[in-house]
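Note sheet for the following structure.
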Amino acid sequence: RHLQRRPQDRRPFLRPCVGVAGAGDDPGAPAAKSEGERQGRQGRRPDPRRHRRRRSGVRPPPLRRRGEGEVEEDVEKYAEQLLVLAHAYRVPWLKLWCQEAIGSRLTPGTVVDALQLADLCDAPQLHLRCMRLLAKEFRAVERTEAWRFLRDNDPWQELDVLRQLHDADMRRRKWRRKRAEQKVYMELSDAMDILRHICTEGCTEVGPVGQAPTKSPCPAYATCRGLQLLIRHFSLCKSRASCPRCQRMWQLLRLHAALCRVPDGHCNTPLCTQFKLKEQQKEAVSASVAAKAGDGSDGRWGLLVKKVKAVSVMSSLGKRSSPSQCCRA
1 RHLQRRPQDR
11 RPFLRPCVGV
21 AGAGDDPGAP
31 AAKSEGERQG
41 RQGRRPDPRR
51 HRRRRSGVRP
61 PPLRRRGEGE
71 VEEDVEKYAE
81 QLLVLAHAYR
91 VPWLKLWCQE
101 AIGSRLTPGT
111 VVDALQLADL
121 CDAPQLHLRC
131 MRLLAKEFRA
141 VERTEAWRFL
151 RDNDPWQELD
161 VLRQLHDADM
171 RRRKWRRKRA
181 EQKVYMELSD
191 AMDILRHICT
201 EGCTEVGPVG
211 QAPTKSPCPA
221 YATCRGLQLL
231 IRHFSLCKSR
241 ASCPRCQRMW
251 QLLRLHAALC
261 RVPDGHCNTP
271 LCTQFKLKEQ
281 QKEAVSASVA
291 AKAGDGSDGR
301 WGLLVKKVKA
311 VSVMSSLGKR
321 SSPSQCCRA
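Each residue of the sequence shown is one higher than the one before, counting from 1 in UniProt numbering.
Right, dumping it as C-alpha cells:
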C-alpha cells in the first residue's frame, strides 16, 4: 500500500537557522559564520586532491623534513642532473656542491663525460680536476670507450685536451729545470762559503799558510772534505791545463774572485787578486773586440755570477735572526 503525502507536507524542508531566536535555538550548536567568512570561503578555489582523497579513502602520508644526510645522498646520486639545473637557474652554491660531488668519484672511464659536462656548464673546478686526472692516467683514459667516441666525433675537443696536456707537461718540465738550476746555485753558494772558511779558518786537512789545521771537523764536513781533497789535488797536480778536477778548481777560484768583497791584498783565497785584475782588464776591453775574439761564454758566466750572488744574499738574509741585522746586510 502506497503512502500518500498530504498537501500540507509537500512544501520543501526548511532547515532551522542556527543562532536565530525563534528558529530552533540549540545552546550547544556553533555560532553562525559572519558575512566575511562566507565570502572568503566562496572565493577560495577547491583543492581537487582533497576530493580525490575523500573518494579513494586513502590518507596521505605525514609530511616530514628530510635530513642532511639524505640530501647529500641525493646530491651525490643526481649530481650531473643537478649541475645542469644549477647552471640553467644560476644557483652558485648548488653548482659548487655538485662539482665537488662529481669530482670526488672521477675515474678514467667517466672523466671524459665529466669534462664535457664541465665545459657545457661552465664548471672550472670540475674542469681542473678532470685535467689533473687526464694528465695522471692518460694511458688508461685512452683505452676507454668514451675517449674513442670523443676522438671519432669531436676532434676539436680532443685537440684542445691534448694541447692542454702538452702545456701542462711543458710547465712541469720548466719547473723541474728551474728547480735543478736553483739547487746548483745553492751548492755553488755553499761551496763559496766553505772555500772562504778553509782559506780563513782552516779545517782538518787544509788551512791557511802559517796556521795548523784544526782537529775538530766543521758542521758541513761532508762538503768541506771534498773541497779540501780538490785543493790538495790542485796543489800537487802536474797537468793542470788538461786535468778536469783542476779545471773545476779554476772555476771555483774564479767564481770566488767575482763574488769577493774583501779589498785587494787582504783575501787569503789563492789567486783571488789575479782573477780580479783579469776581470777588470776584460771589462776595459770594448764589446766589439770581445765579439771578434769569439769569447761567447762571458754572457753565461756573468749570468752565473748574478744568480749565485742572489742566492748567497737570500741565504744570508734567511740566517739572520733580527730585522736590524737584515737592514745592515
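Don't be surprised by glycine CBs; every beta carbon is placed ideally from N, CA and C.
Here the structure is a predicted model, which is why all the values come from computation and not from measurement.
query                                                                                                                                                                   : result
Would the stretch 246-254 count as touching the stretch 270-283 if we require 3 or more Cβ pairs under 8 Å?                                                             : yes
Please report the straight-line C-alpha distance between threonine 107 and proline 92, rounded to a whole angstrom.                                                     : 25 Å
When the Cα of cysteine 260 is compared with those of Lys309, Cys243 and Pro244, which residue comes out closest?                                                       : Lys309
When you compare only the Cα positions, how much space is there between arginine 173 and threonine 214?                                                                 : 45 Å
Using the three-state DSSP reduction, which class does histidine 233 fall into: helix, strand or coil?                                                                  : helix
Return the chain-ordered ranges of every alpha helix (DSSP H) run that is complete within the stretch 224-287 and spans a minimum of 4 residues.                        : 244-259 and 272-284
Per DSSP, what kind of secondary structure is valine 311 in: helix, strand or coil?                                                                                     : helix
How long is the line joining the alpha carbons of glutamine 228 and glutamate 283, rounded to whole angstroms?                                                          : 32 Å
Quick one, are the C-beta atoms of alanine 135 and leucine 165 less than 8 Å apart?                                                                                     : yes
In chain order, which alpha helix (DSSP H) runs of at least 4 residues are fully inside the stretch 154-202?                                                            : 155-200
In the structure shown, what three-state DSSP assignment does alanine 123 receive?                                                                                      : coil
Counting Cβ pairs, one atom from each stretch, are 3 or more of them under 8 Å apart for the stretch 109-127 and the stretch 80-97?                                     : yes
If contacts are defined as beta-carbon pairs under 8 Å, then arginine 232 and glutamate 205 qualify, I think. What distance do you get, rounded to the angstrom?        : 7 Å
With a CB to CB cut of under 7 Å and the five nearest residues on each side skipped, what residues in its chain are close to aspartate 264?                             : Thr273 and Lys276
Are three or more beta carbon pairs between the stretch 98-115 and the stretch 132-152 nearer than 8 Å?                                                                 : yes
In chain order, what residues of the same chain have a beta carbon less than 8 Å from the beta carbon of serine 189, not counting five sequence neighbours either side? : Val308, Val311, Ser312 and Ser315
From which residue to which residue does the alpha helix (DSSP H) around arginine 139 run?                                                                              : 138-142
Taking buried to mean at least 16 other C-beta atoms within 10 Å of its own C-beta, is alanine 241 buried or exposed?                                                   : exposed
Taking lysine 95 as part of the alpha helix (DSSP H), name the residues at either end of that continuous run.                                                           : 92-104
Starting from glutamine 211, trace the alpha helix (DSSP H) in both directions and tell me its first and last residue.                                                  : Taken as a continuous stretch (DSSP letters only), glutamine 211 belongs to no alpha helix (DSSP H), as it is neither H nor E.
Measuring alpha carbon to alpha carbon, tell me which of Gln211, Asp193 and Lys238 ends up nearest leucine 219.                                                         : With the sequence shown as reference, residue 219 is identified as proline, and leucine is not the correct amino acid for it. Of Gln211, Asp193 and Lys238, the residue nearest in Cα terms is Asp193.
Around the Cβ of tyrosine 185, are there at least 16 other Cβ atoms within 10 angstroms (buried) or fewer (exposed)?                                                    : buried
Is serine 316 helix, strand or coil when you go by DSSP?                                                                                                                : helix
Should leucine 117 and leucine 82 be called a contact, given that it needs their Cβ atoms to be closer than 8 Å?                                                        : no
When every heavy atom of the ligand NAD is checked, does at least one fall within less than 7 Å of the C-beta of glutamate 181?                                         : Judged by which ligands are present, the structure shown has none, so any question about the ligand NAD falls away.
For residue 341, does the three-state DSSP call read helix, strand or coil?                                                                                             : Nothing about residue 341 can be reported from this structure: the residues present for the chain run from 1 to 329 only.
What's the gap between the Cα of arginine 105 and the Cα of glutamate 181?                                                                                              : 38 Å
Assuming lysine 236 and arginine 248 are in contact, meaning their beta carbons sit under 8 Å apart, how far apart are those beta carbons, in whole angstroms?          : Correcting the residue identity first, residue 236 is leucine in this sequence and not lysine. Going by Cβ atoms, the distance from leucine 236 to arginine 248 rounds to 15 Å, so no, they are not a contact pair.
What residue does the alpha helix (DSSP H) around tyrosine 89 start on, and which one ends it?                                                                          : 79-89
Look at the alpha carbon of glycine 101 and the alpha carbon of tryptophan 175, and state the distance between them as a whole number of angstroms.                     : It should be pointed out that residue 101 corresponds to alanine in this sequence rather than to glycine. Between alanine 101 and tryptophan 175, the C-alpha separation is close to 31 Å.
From Ser239, Trp156, Glu279 and Lys238, pick the residue whose C-alpha is nearest to that of alanine 258; which is it?                                                  : Glu279
Can you give the Cα-Cα distance for arginine 171 and glutamate 145, rounded to whole angstroms?                                                                         : 29 Å
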